[in-house]
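This report concerns only the one structure given below.
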Amino acid sequence: MTSSRHGAHSWLHVATLALLLGPACTGEIEGSSGGGVGSPDAPAMDEPVDIIGPMVLPHVQAFANAACGTVGACQPSTYNGHQPTAARAVDILTSDVYGKVPTDNNELGDALAEFALARQDDFRITYVIWRQRINFGSGWESMADRGSITQNHYDHVHTSFEE
33 MTSSRHGAHS WLHVATLALL LGPACTGEIE GSSGGGVGSP DAPAMDEPVD IIGPMVLPHV
93 QAFANAACGT VGACQPSTYN GHQPTAARAV DILTSDVYGK VPTDNNELGD ALAEFALARQ
153 DDFRITYVIW RQRINFGSGW ESMADRGSIT QNHYDHVHTS FEE
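Residues in the sequence shown are numbered consecutively from 33, following the working numbering.
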């Protein structure tokens, strides 16, 4: 893997997510500060997007809110052991079925990856992984085959954040 403006990164990823597409993108976050609601980058919402998993940092929550409100990808998740840490990484499933490639011709995932990269500095995003490629902000780089649709990020977009 090559380095970028953020330096070389190592990562290990196992996805545990579900997708809920539709207009309802709000909910309570167990154990979270719910940061980001009301920030200028987040869309107006009564409550933060429900991120399944451990508490995330406020700018990660703000990204989830903005992605939900703008792109429509409304079921982000993280977990203990997520790289770089659960508080600084979010997966958003882009398929309607876990472990299967999207049926929408990758439109949701493409839109989500583009959204994240266009707002990389706003949300302090270090890299995005989508469709067996990684982007630190300077273009997509191919990744080695990791053996499954999920491990190769064909069914979800992984977004990693600075502290």
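Built from N, CA and C at the ideal position, the CB exists for glycine as well. Keep in mind it's a predicted model, so treat the numbers as computed, not measured.
*Pair every Cβ in the stretch 80–98 with every Cβ in the stretch 125–137, then say whether three or more of these pairs are closer than 8 Å.*
no
_Own chain partners of Leu149 with C-beta closer than 8 Å, once the 5 adjacent residues on each side are dropped_ = Your numbering for residue 149 matches position 117 in the sequence shown. For Leu149, where only same-chain residues beyond five positions count, the Cβ hits under 8 Å are Ile157, Val160, Asn167 and Gly169.
*How about Leu140 and Ala105: are their beta carbons less than 7 Å apart?*
Residue mapping note: residue 140 aligns to position 108 of the sequence shown, counting from 1. Residue mapping note: residue 105 aligns to position 73 of the sequence shown, counting from 1. Contact: yes.
*Whose C-beta lies closer than 7 Å to the C-beta of Asn184 among residues of the same chain, with five residues either side of it excluded?*
Within the sequence shown, numbered from 1, the residue matching residue 184 stands at position 152. Taken in chain order, the residues that qualify are Gln164, Asp177 and Arg178.
*Rounded separation between Ile83 and Ser109 - CA only*: For the purposes of this step, residue 83 is taken as the residue at position 51 of the sequence shown. For the purposes of this step, residue 109 is taken as the residue at position 77 of the sequence shown. Approximately 5 Å, taken between the alpha carbons.
*According to DSSP, which residues form a beta bridge with Asp123?*
Your numbering for residue 123 matches position 91 in the sequence shown. BP columns for Asp123 point to Ser109 and His190.
*Specify the secondary structure class of Val160 as computed by DSSP and reduced to three states.*
By one-based count along the sequence shown, residue 160 stands at place 128. Residue state, collapsed to three classes: strand.
*Output yes or no for whether 7 Å exceeds the beta carbon distance between Asn97 and Val81.*
Here residue 97 refers to the residue found at position 65 of the sequence shown. Here residue 81 refers to the residue found at position 49 of the sequence shown. Yes, these two residues count as a Cβ contact at 7 Å.
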